[in-house]
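**Student:**
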Amino acid sequence: MTRLRTKMDALTSKAKDITIEVNSAKLHGKVLRNEVSNWLKEVKSIEEKVSNIEKKLEEQNKCWDGRMPNYYLRRKISKMSLKLIIQADELIANCNFENVAFERQAILGCTLPTTSIASKTTADKTLEEILDCILNTEMRIIGVHGMGGVGKTTIMMNINNRLMKTKDFDNIIWITVSKVDKNRLQRRIAKKLEIDLTEGEDDLDTTTKIFSALERRKKFLLIFDDMWDDFLLNEVGIPHPSEENGCKIVLTTRDSRVCRAMGAHEVKVKVLSDEESWELFKKNAGDVVLSKDIEELAKAVTRECCHLPLAIIVVGKAMCGENNVKVWQNALKELQQSNLEVKGMDDVFLRLKFSYTRLRNSELKSCFLYCSLYPEDHEICSQELIEYWICEGIIDKRETIDDDMNKGHAILGELIKVSMLETGRSTADYEIVRMHDLIRDMAIRITRTESPRSMINAGVQLQESPFEWPANAKRISLMYNDIKVLSGQPNCHHVLTLFLQGNPLEKIIPHSYFNHMCSLRVLELSGTRIKALPESISSLKNLRALLLGRCVILDEVPSLSNLEELRVLDLSGTAIRELPYGMEAMVKLQRLNLNETLELRVFPIGIIPCLSFLEELTMIGSGWKWSSMTTEGARIEDIVNSTRLAILGIDFTDLSSFLYHVKSGNWKMMKNFYFCVGPLGPQYFERNFCVEINSCNLIGEDNSLLLPYNTQRLYITSCEFISLWNVTRSLNTSELCRCRLYSCEKTEFLMADEEPLLPNLKELQMEKMPELLALCKGIPSLDALKSLESLEVNRCDKLKYLLPARLLQQLSRLESIAVWGCSGMEEIVAEEEEMEEGRNEDESSMTMTLSQLQTLRILELPNLKSISSRVLICNALKTIVIEGSHQLKKLPFCVNNLPSALKPIKVWSDDKEWWDTLEWDHPQTKAHFQSLLKFTHE
Numbered sequence: 002m003t004r005l006r007t008k009m010d011a012l013t014s015k016a017k018d019i020t021i022e023v024n025s026a027k028l029h030g031k032v033l034r035n036e037v038s039n040w041l042k043e044v045k046s047i048e049e050k051v052s053n054i055e056k057k058l059e060e061q062n063k064c065w066d067g068r069m070p071n072y073y074l075r076r077k078i079s080k081m082s083l084k085l086i087i088q089a090d091e092l093i094a095n096c097n098f099e100n101v102a103f104e105r106q107a108i109l110g111c112t113l114p115t116t117s118i119a120s121k122t123t124a125d126k127t128l129e130e131i132l133d134c135i136l137n138t139e140m141r142i143i144g145v146h147g148m149g150g151v152g153k154t155t156i157m158m159n160i161n162n163r164l165m166k167t168k169d170f171d172n173i174i175w176i177t178v179s180k181v182d183k184n185r186l187q188r189r190i191a192k193k194l195e196i197d198l199t200e201g202e203d204d205l206d207t208t209t210k211i212f213s214a215l216e217r218r219k220k221f222l223l224i225f226d227d228m229w230d231d232f233l234l235n236e237v238g239i240p241h242p243s244e245e246n247g248c249k250i251v252l253t254t255r256d257s258r259v260c261r262a263m264g265a266h267e268v269k270v271k272v273l274s275d276e277e278s279w280e281l282f283k284k285n286a287g288d289v290v291l292s293k294d295i296e297e298l299a300k301a302v303t304r305e306c307c308h309l310p311l312a313i314i315v316v317g318k319a320m321c322g323e324n325n326v327k328v329w330q331n332a333l334k335e336l337q338q339s340n341l342e343v344k345g346m347d348d349v350f351l352r353l354k355f356s357y358t359r360l361r362n363s364e365l366k367s368c369f370l371y372c373s374l375y376p377e378d379h380e381i382c383s384q385e386l387i388e389y390w391i392c393e394g395i396i397d398k399r400e401t402i403d404d405d406m407n408k409g410h411a412i413l414g415e416l417i418k419v420s421m422l423e424t425g426r427s428t429a430d431y432e433i434v435r436m437h438d439l440i441r442d443m444a445i446r447i448t449r450t451e452s453p454r455s456m457i458n459a460g461v462q463l464q465e466s467p468f469e470w471p472a473n474a475k476r477i478s479l480m481y482n483d484i485k486v487l488s489g490q491p492n493c494h495h496v497l498t499l500f501l502q503g504n505p506l507e508k509i510i511p512h513s514y515f516n517h518m519c520s521l522r523v524l525e526l527s528g529t530r531i532k533a534l535p536e537s538i539s540s541l542k543n544l545r546a547l548l549l550g551r552c553v554i555l556d557e558v559p560s561l562s563n564l565e566e567l568r569v570l571d572l573s574g575t576a577i578r579e580l581p582y583g584m585e586a587m588v589k590l591q592r593l594n595l596n597e598t599l600e601l602r603v604f605p606i607g608i609i610p611c612l613s614f615l616e617e618l619t620m621i622g623s624g625w626k627w628s629s630m631t632t633e634g635a636r637i638e639d640i641v642n643s644t645r646l647a648i649l650g651i652d653f654t655d656l657s658s659f660l661y662h663v664k665s666g667n668w669k670m671m672k673n674f675y676f677c678v679g680p681l682g683p684q685y686f687e688r689n690f691c692v693e694i695n696s697c698n699l700i701g702e703d704n705s706l707l708l709p710y711n712t713q714r715l716y717i718t719s720c721e722f723i724s725l726w727n728v729t730r731s732l733n734t735s736e737l738c739r740c741r742l743y744s745c746e747k748t749e750f751l752m753a754d755e756e757p758l759l760p761n762l763k764e765l766q767m768e769k770m771p772e773l774l775a776l777c778k779g780i781p782s783l784d785a786l787k788s789l790e791s792l793e794v795n796r797c798d799k800l801k802y803l804l805p806a807r808l809l810q811q812l813s814r815l816e817s818i819a820v821w822g823c824s825g826m827e828e829i830v831a832e833e834e835e836m837e838e839g840r841n842e843d844e845s846s847m848t849m850t851l852s853q854l855q856t857l858r859i860l861e862l863p864n865l866k867s868i869s870s871r872v873l874i875c876n877a878l879k880t881i882v883i884e885g886s887h888q889l890k891k892l893p894f895c896v897n898n899l900p901s902a903l904k905p906i907k908v909w910s911d912d913k914e915w916w917d918t919l920e921w922d923h924p925q926t927k928a929h930f931q932s933l934l935k936f937t938h939e
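For the sequence shown, the numbering used here gives the first residue as 2, with consecutive numbering after it.
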């Protein structure tokens with residue numbers, strides 16, 4: 002008992018020290034490690050057992066003053082004490098934790114781009130008031146209301162970003178509502194929650210999916226921005242916020258009645274004070290407002306902005322850098338003497354309109370007003386928008402499409418700079434812009450009274466077209482409604498643009514429907530269900546853009562022989578069997594899109610030479626494939642001889658036709674291309690400098706592959722070749738950044754000692770290569786694959802190992818390794834034999850550093866015995882997935898170099914027994930991984 006008490010004193014001291022560390026970690030919002038929590042529980046358990054023994058011994062000693070001992074009980078106590086001494090020793094040995102807690106996992110949500118709010122301002126005080134309401138346990142729904150442009154969204158974006166840095170919520174979900182019905186609202190919520198909604202599914206199923214997804218997100222903050230109408234939470238599928246679930250809802254609206262209908266605690270966003278208005282105006286107009294002659298005028302202009310942040314910003318930017326006193330005097334007079342009646346929001350629109358009048362020319366104004374044709378809060382693709390501007394003729398003074406596009410981007414940049422447009426998310430392929438709803442409302446007002454007049458009913462759920470169309474309208478937008486039939490014969494001689502895309506439109510009747518639209522330049526019918534076009538299309542002699550993309554059942558297009566002004570023809574994704582009659586007459590055509598026209602079987606001879614201004618031809622996935630051997634239809638020579646083509650995407654029937662084109666050098670001056678070779682259709686539809694080779698024999702001198710030297714993506718599917726050296730030995734592949742090899746039966750090696758460098762290759766994927774013996778034959782040069790970031794190998798059954806150690810160490814940028822379904826693989830990293838024989842047992846040879854590796858996936862490798870014989874040092878490693886590899890006995894990590902960035906490891910329940918049998922270099926290594934395991938059936 003004396004020994005036990007001594008051990009327990011030592012153990013209790015350790016436990017107290019660790020408890021102090023735990024409490025400190027909790028105060029800093031950290032999450033207790035499972036191994037520490039379990040250790041403390043075991044200490045508590047042993048303390049209780051020792052206490053029980055002490056009581057029994059004390060009771061025994063009281064009996065006859067200890068003169069009649071119970072030897073059986075004492076023997077039992079002695080055995081129990083010895084067992085507890087051993088357990089206490091083990092606990093003391095296992096208490097040297099490197100860290101007692103993790104940093105709390107970041108909450109799910111996203112930081113939003115916004116302007117910061119200065120402290121101690123009106124906006125800052127409102128922000129703090131709203132934040133207090135959110136953190137107050139008694140308030141569940143908060144309604145933020147105020148006039149348009151007052152800064153509600155900006156304040157909430159700042160709150161969103163601030164809460165992203167705290168631990169108050171597990172999830173923060175931002176939904177822009179605007180004028181949408183329940184179903185569209187549910188679709189927006191589902192998109193944010195990343196759940197799939199099946200078209201036409203039952204309302205109850207949709208509601209249940211959303212409800213379940215939100216419940217799984219535990220303590221969430223749901224922000225509904227720009228609400229126009231109230232709705233019932235349970236009908237949409239939103240759990241009611243309560244003290245128990247800790248959830249909150251914040252909504253912003255212009256109408257305080259929405260707050261009351263939602264049962265929300267109301268917070269009003271007030272306009273700025275005089276001082277704040279002036280500071281904001283100075284920030285946007287620049288130092289010129291501080292000059293002696295202009296300062297008082299600038300202050301007067303600021304007062305005319307009604308203390309409204311949005312108006313101050315747009316007017317300030319409109320006057321930015323203006324140092325002419327007379328211009329300032331004129332600006333003030335325009336703001337003061339507007340002829341429009343000033344009531345409520347009218348006053349705001351008058352101020353906002355000033356930024357419109359300040360645009361420096363009619364070209365900018367017209368481009369700006371064009372954006373109002375889109376629905377509210379619509380994400381506008383900048384590429385698409387500029388093409389509309391060009392086709393309508395707003396921008397139409399340059400020699401090439403490229404020149405016009407550059408001009409369009411310059412205009413977009415100018416509109417964004419003066420806050421008339423906002424930037425949105427962007428991808429590698431396109432940029433997005435948005436129009437603030439208040440700015441859009443102002444633009445629509447302008448189009449109702451000034452030229453160019455517009456009729457705008459976009460995205461308002463119309464089931465029928467308006468009965469009367471304004472005869473003087475130049476732009477009509479009915480996009481994204483529920484219109485199925487257009488009928489009549491609108492008398493719109495002046496209309497230039499007609500938007501009908503996104504409607505379930507089935508018929509346009511009668512055939513004379515377009516007879517009185519003689520000025521029409523842009524006709525947009527993409528994504529409709531139209532089967533045949535009316536004959537009056539043929540009479541649109543001024544038409545410049547006929548856009549029919551994704552009209553999947555359209556199989557008939559009237560004669561286009563009269564459309565001599567046509568610049569853009571988009572028939573992609575349609576069911577046409579032949580090109581429209583009269584194509585050769587469209588001598589000004591610049592862009593022809595025939596992607597995914599699967600039923601197209603012929604491209605007539607002589608059309609390409611007639612289209613002397615054609616700059617873009619895309620036919621990827623078309624039923625027509627180009628050849629140098631065909632006797633029916635156009636041949637590849639027509640394309641080779643077309644000198645203006647800058648963007649080309651076509652399928653070739655065979656390798657020889659493709660090589661004919663490559664040898665011609667026609668691609669050298671192209672801005673982009675996508676070439677697909679062979680009988681299989683395209684699999685990837687990549688945009689940038691891509692070559693796809695399908696079902697071709699690449700073995701032998703006669704079949705050596707030539708590529709354009711600026712090829713960036715290479716996909717080889719179902720081809721015969723021995724190694725990538727066999728494919729690329731005569732090529733300059735310095736720009737190749739992605740390569741995927743699939744189902745290539747005879748391939749034995751990826752590269753050899755003499756392999757040409759692939760210095761910019763970032764992604765390498767190899768799948769279903771049954772003869773592949775190794776990725777490398779020998780050791781490539783030190784610079785081979787030096788830029789590789791992602792390596793994926795699937796179903797390559799003869800591979801014994803993935804990479805030699807020396808090559809893997811050279812891949813300093815490697816971020817992801819994935820190996821799946823390779824039944825013959827025995828190790829991931831192999832040591833070369835010559836290195837194994839003379840290997841020095843120093844630290845560098847026993848470890849391998851992969852500093853950028855973030856993901857390691859090992860799936861279904863039944864014969865895998867080792868990942869690496871060396872210890873891997875992977876400080877950036879976040880994700881490990883190992884499934885179906887039960888021969889693996891040990892992970893290549895040690896207690897001195899544990900991957901501290903690891904996220905929880907999901908493990909199939911079927912693999913639990915295998916995890917329990919893994920060998921570890923140290924108990925702490927095992928505890929580190931065990932604390933991250935999460936067993937699942939899904």
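Note that the Cβ used here is the ideal one computed from N, Cα and C, for glycine as well. Remember, it's a predicted structure, so these values are computed and weren't measured experimentally.
Please return the same chain residues whose Cβ sits closer than 6 Å to the Cβ of LEU547, not counting the five positions on each side in sequence.
**Tutor:** Once the five neighbours on either side are set aside, the close Cβ partners of LEU547 are LEU524 and LEU570.
**Student:** Does the structure place the region 484–501 close enough to the region 463–474 that three or more beta carbon pairs sit under 8 Å?
**Tutor:** Touching, per the Cβ criterion.
**Student:** Which residues does DSSP list as the beta-bridge partners of CYS519?
**Tutor:** Partner(s): none; CYS519 has no beta bridge.
**Student:** Quick check: ASP438 and ASP378, are their CB atoms within less than 8 Å of each other?
**Tutor:** A contact, by the Cβ cut-off of 8 Å.
**Student:** Below 8 Å between beta carbons: does that hold for LEU580 and LEU615?
**Tutor:** The answer is no: Cβ separation not under 8 Å.
**Student:** Which parts of the region 883–917 are runs of the alpha helix (DSSP H), unbroken and 4 residues or longer, counting only runs that do not cross its ends?
**Tutor:** As far as the region 883–917 is concerned, it has no whole alpha helix (DSSP H) run of at least 4 residues.
**Student:** Given THR123, which residues of its chain have a CB within under 7 Å of its CB, disregarding the five upstream and five downstream residues?
**Tutor:** Cβ within range, chain order: LYS271, LEU273, SER274 and GLU277.
**Student:** Rounded to a whole number of angstroms, what is the C-alpha to C-alpha distance between LEU649 and VAL830?
**Tutor:** C-alpha separation (whole angstroms): 42 Å.
**Student:** Does the beta-carbon distance from ILE295 to VAL251 come in below 8 Å?
**Tutor:** Against a cut-off of 8 Å, the Cβ pair of VAL251 and ILE295 comes out as no contact.
**Student:** If I follow the unbroken beta strand (DSSP E) through THR253, where does it start and stop?
**Tutor:** Counting along the chain, the beta strand (DSSP E) containing THR253 begins and ends at 249–254.
**Student:** Going by Cα to Cα distance, which pick from SER824, LEU786 and ALA819 is closest to LYS801?
**Tutor:** That would be SER824, whose Cα lies nearest to the Cα of LYS801.
**Student:** List the residues that DSSP assigns as beta-bridge partners of ILE174.
**Tutor:** Looking at the DSSP assignment, ILE174 forms a beta bridge with LEU223.
**Student:** Does the region 412–430 come close enough to the region 325–332 that 3 or more CB-CB pairs lie under 8 Å?
**Tutor:** Cβ pair count under 8 Å is below three, so no.
**Student:** Is DSSP giving ALA107 helix, strand or coil here?
**Tutor:** Here ALA107 scores only 48 on pLDDT, less than 50, and its place in the model should not be relied on; the value that follows carries that caveat. Residue state, collapsed to three classes: coil.
**Student:** By alpha-carbon positions, which one of LYS269, SER373 and ALA576 ends up nearest to ARG255?
**Tutor:** Selected option, being the one with the closest Cα: LYS269.
**Student:** Between the region 112–129 and the region 35–54, are three or more C-beta pairs nearer than 8 Å?
**Tutor:** The region 112–129 vs the region 35–54: no contact.
**Student:** Mind checking whether CYS777 and MET752 have CB atoms under 8 Å apart?
**Tutor:** Cβ atoms of CYS777 and MET752: closer than 8 Å.
**Student:** Is it buried or exposed, VAL461, if we count other Cβ atoms within 10 angstroms and call 16 or more buried?
**Tutor:** Exposed, by the Cβ-count rule.
**Student:** Please classify GLU838: does DSSP put it in a helix, a strand, or coil?
**Tutor:** Any reading at GLU838 must be qualified, since the residue scores a pLDDT of 45, below 50, and its modelled position is unreliable; the value itself is stated next. In this structure, GLU838 counts as helix in the three-state DSSP scheme.
**Student:** What residue range is occupied by the uninterrupted beta strand (DSSP E) comprising TRP821?
**Tutor:** Segment 817–821, the beta strand (DSSP E) holding TRP821.
**Student:** For a test of your reading of the model: does the CB of CYS552 fall under 7 Å from any non-hydrogen atom of the ligand FMN? Yes or no.
**Tutor:** In the structure shown, the ligand FMN is absent, as is every other ligand, since no ligand is present at all.
**Student:** Could you name the residues of the same chain whose beta carbon sits closer than 8 Å to that of LYS50, not counting the 5 residues immediately before and after it, in chain order?
**Tutor:** These residues qualify, in order along the chain: MET81 and LEU85.
**Student:** Closer than 8 Å is the cut-off here; do at least three beta carbon pairs connect the region 584–602 with the region 663–675?
**Tutor:** The answer is no - the region 663–675 does not touch the region 584–602, with fewer than three Cβ pairs under 8 Å.
**Student:** With H, G and I counted as helix, E and B as strand and the rest as coil, what does DSSP make of GLY30?
**Tutor:** Residue placement at GLY30 is flagged as unreliable, the pLDDT there being 48, under the threshold of 50; a coordinate-derived value is accordingly withheld.
**Student:** Report yes if the C-beta distance between VAL290 and ALA299 is below 8 Å; otherwise report no.
**Tutor:** Closer than 8 Å, so yes.
**Student:** Taking the straight line between their C-alpha atoms, what separation do you get for ILE395 and THR177?
**Tutor:** Taking the straight line joining both Cα atoms gives about 32 Å.
**Student:** With 16 as the cutoff for other CB atoms within 10 Å, does HIS241 come out buried or exposed?
**Tutor:** Its Cβ having fewer than 16 others within 10 Å, HIS241 is exposed.
**Student:** Looking at C-alpha atoms only, which residue of ASP10, MET165 and MET847 is the closest neighbour of ALA89?
**Tutor:** Cα-wise, what sits closest to ALA89 is ASP10.
**Student:** Could you give the DSSP three-state label for MET228: helix, strand or coil?
**Tutor:** In the structure shown, MET228 sits in a strand (DSSP, three-state: E or B).
**Student:** So, do the region 864–875 and the region 905–914 have three or more beta carbon pairs nearer to each other than 8 Å?
**Tutor:** No, because fewer than three Cβ pairs between the region 864–875 and the region 905–914 fall closer than 8 Å, the two stretches do not touch.
**Student:** Using only alpha-carbon positions, find the residue among ASN492, GLY682, ILE118 and LYS532 that is nearest to GLU597.
**Tutor:** For the residues ASN492, GLY682, ILE118 and LYS532, the minimum Cα distance to GLU597 belongs to GLY682.
**Student:** Pull up the distance between the alpha-carbon of TYR371 and that of CYS740, whole angstroms please.
**Tutor:** C-alpha separation (whole angstroms): 41 Å.
**Student:** Within this structure, are the beta carbons of LEU311 and LEU365 separated by less than 8 Å?
**Tutor:** The answer is no: Cβ separation not under 8 Å.
**Student:** Contact between the region 559–578 and the region 599–607: three or more CB pairs below 8 Å?
**Tutor:** Yes, the region 559–578 is in contact with the region 599–607.
**Student:** Does the pairing of the region 179–194 with the region 149–166 give three or more beta-carbon distances under 8 Å?
**Tutor:** At 8 Å Cβ cutoff, the stretches do not touch.
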